[in-house]
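In this note's numbering, the protein residues as written are 43 to 257.
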């Protein structure tokens with residue numbers, strides 16, 4: 043199962059809730075993540091919740107990791123795989139193999155596209171292999187209030203469309219000197235590169251109603 047969405051739509055919160063729901067029913071699972079905002083080997087939510095996790099490095103063999111746990115007598119009923127967009131295509135193929143051959147449930151959570159609106163390799167392979175892909179129903183909002191569907195990268199509040207596909211930052215309306223940040227935008231403002239910093243107070247101001255104050 044692949045749960046996909048933009049930033050700010052609650053993917054990591056859902057990953058934590060899914061882990062809690064299964065564990066509370068006596069199931070045993072492993073939690074994986076990559077490049078979480080809270081640091082290595084942690085799965086965290088912007089709501090302040092977090093749990094320990096296995097960091098998915100480029101060299102981690104997910105199949106071997108799960109098989110090793112099982113061979114040592116551990117129960118593994120399910121996997122929680124957050125930030126799955128950063129997994130390699132080979133690691134996603136390992137997840138499919140784990141489902142088919144080890145009969146372990148896999149719940150993957152990730153962003154579909156990068157700051158250039160291109161599919162992440164991990165997300166692309168998940169779409170190709172997952173039994174089911176579900177777009178999260180909690181909609182992230184652009185600064186204008188419209189539904190946000192694009193993840194924009196900013197430097198000093200200015201949107202950029204060139205650079206490495208993976209650069210760690212955080213969701214923010216603006217960033218300090220030279221710092222990378224991310225924000226979600228609707229298609230119209232992504233195409234015009236109109237971030238919250240560029241818009242200034244426009245996103246909070248409204249034209250007065252066309253009524254006279256005179257009696």
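In this text, a Cβ means the ideal position worked out from N, Cα and C, and glycines have one as well.
Predicted, not measured: the structure shown is a model, and the values here were computed from it.
Might you give, ordered along the chain, the residues of its own chain that have their beta carbon closer than 6 Å to the beta carbon of residue i, omitting 5 neighbours on each side?
{"i": "residue 165", "result": "127, 152 and 154"}
{"i": "residue 242", "result": "none"}
{"i": "residue 54", "result": "87 and 124"}
{"i": "residue 207", "result": "156"}
{"i": "residue 201", "result": "194, 235 and 237"}
{"i": "residue 163", "result": "131"}
{"i": "residue 136", "result": "104 and 105"}
Which residue from the options puts its Cα closest to that of residue i?
{"i": "residue 139", "options": "92, 109 and 80", "result": "109"}
{"i": "residue 172", "options": "182, 180, 149 and 185", "result": "149"}
{"i": "residue 59", "options": "49, 160, 47 and 73", "result": "73"}
{"i": "residue 235", "options": "192, 180 and 209", "result": "192"}
{"i": "residue 143", "options": "116, 168, 112 and 160", "result": "112"}
{"i": "residue 205", "options": "122, 160, 96 and 57", "result": "160"}
{"i": "residue 52", "options": "179, 240, 232 and 233", "result": "179"}
{"i": "residue 61", "options": "121, 136, 240 and 230", "result": "121"}
{"i": "residue 43", "options": "239, 209, 97 and 167", "result": "167"}
By Cβ distance, which residues of its chain are closer than 8 Å to residue i, with the 5 residues on each side in sequence left out?
{"i": "residue 217", "result": "Per-residue confidence for residue 217 stands at a pLDDT of 42, beneath the threshold of 50, marking its modelled position as unreliable; the derived number appears in the next sentence. Result list for residue 217: 196, 197, 198, 199, 211 and 223, in chain order."}
{"i": "residue 4", "result": "Coverage of the chain is limited to positions 43 through 257, which leaves residue 4 absent and any answer about it impossible."}
{"i": "residue 119", "result": "64, 69, 70, 71, 146 and 147"}
{"i": "residue 77", "result": "125, 128, 208 and 210"}
Residue j and residue i - do their beta-carbons sit closer together than 8 Å?
{"i": "residue 203", "j": "residue 158", "result": "yes"}
{"i": "residue 80", "j": "residue 71", "result": "no"}
{"i": "residue 75", "j": "residue 85", "result": "yes"}
{"i": "residue 177", "j": "residue 169", "result": "no"}
{"i": "residue 83", "j": "residue 96", "result": "yes"}
By Cβ distance, which residues of its chain are closer than 7 Å to residue i, with the 5 residues on each side in sequence left out?
{"i": "residue 114", "result": "none"}
{"i": "residue 232", "result": "192 and 194"}
Could I get the ranges of all uninterrupted alpha helix (DSSP H) runs contained in the region 110-189, with 4 residues as the minimum, in chain order? List check, alpha helix (DSSP H) in window: 131-144 and 163-171.
If you pair each beta-carbon of the region 119-133 with each one of the region 88-108, do three or more pairs fall below 8 Å? Cβ pair count under 8 Å is three or more, so yes.
Segment contact flag, the region 177-187 with the region 81-90, C-beta cutoff 8 Å, min 3 pairs: Under the 8 Å Cβ criterion, the region 177-187 does not count as touching the region 81-90, having fewer than three qualifying pairs.
Restricting to runs no shorter than 4 residues, where is the alpha helix (DSSP H) found entirely within the region 52-116? Within the region 52-116, the complete alpha helix (DSSP H) runs of at least 4 residues are 53-65 and 104-113.
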